[in-house]
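So the structure is just underneath, and the comments pick up after that.
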Amino acid sequence: MKARTRSQMHKVARKAKRASIENLGHAGGAIRLAAVRSVRKRKGPSPAGQPPHTHTRRLPRAIKYAVEKSRQAVVIGPDVESFGMAGKAHEHGGRYRRERYPKRPFMGPALEKTKDRLPKLWAGSVR
0 MKARTRSQMH
10 KVARKAKRAS
20 IENLGHAGGA
30 IRLAAVRSVR
40 KRKGPSPAGQ
50 PPHTHTRRLP
60 RAIKYAVEKS
70 RQAVVIGPDV
80 ESFGMAGKAH
90 EHGGRYRRER
100 YPKRPFMGPA
110 LEKTKDRLPK
120 LWAGSVR
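Here it is as structure tokens:
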């Protein structure tokens with residue numbers, strides 16, 4: 000009795016890569032949504048250590064995400080073109096336009112809030 004087998008590993012690898020890129024997009028969207036929801040519209044500055052308040056809704060609208068297919072990575076954060084470097088000053092603290100900003104992280108806590116849900120995005124994604 001003879002038997003032949005064919006390896007389909009290239010197809011499996013291609014589907015796994017495609018699913019990974021798709022799931023990175025879903026993960027980026029979930030983290031972005033958590034970050035946007037943490038930035039509240041309020042008068043006055045937020046306390047140090049809390050997500051920043053917004054007065055014009057520019058910061059939540061500036062939070063974007065993009066999947067880098069070649070690196071299989073996702074980049075999430077405030078768009079520098081639409082919000083400038085103020086997002087970095089809020090997240091890490093520091094100086095921006097001659098003002099001193101205390102740390103008001105919003106991206107790090109968004110990742111922490113959603114990190115338990117992220118593995119579920121990849122479960123059963125390669126078929």
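Per numbering that gives the first Met the number 0: the sequence shown ends with 126, consecutive numbering throughout.
Beta carbons are placed, not taken as given, at the ideal position from N, Cα and C, and that holds for glycine.
>> Taking its Cβ as the centre, do 16 or more other Cβ atoms sit within 10 Å of A15, making it buried, or is it exposed?
In response: exposed
>> On the DSSP letters alone, give me the boundaries of the beta strand (DSSP E) that R94 sits inside.
In response: G93 to Y95
>> For S6 and G123, I'd like the C-alpha separation in whole angstroms.
In response: 21 Å
> Should R97 and P51 be called a contact, given that it needs their Cβ atoms to be closer than 8 Å?
Replying inline: no
> What's the C-alpha gap between T55 and K40?
Replying inline: 8 Å
> Based on the DSSP secondary-structure assignment, which residues constitute the bridge partners of R99?
Replying inline: R94
>> I need the boundaries of the alpha helix (DSSP H) containing K40, first residue and last residue.
In response: Where K40 is concerned, there is no enclosing alpha helix (DSSP H), given that its DSSP letter is neither H nor E.
> What's the C-alpha gap between L58 and H89?
Replying inline: 10 Å
> For L120 versus A26, is the C-beta spacing smaller than 8 Å?
Replying inline: yes
>> DSSP three-state label for A109, please.
In response: helix
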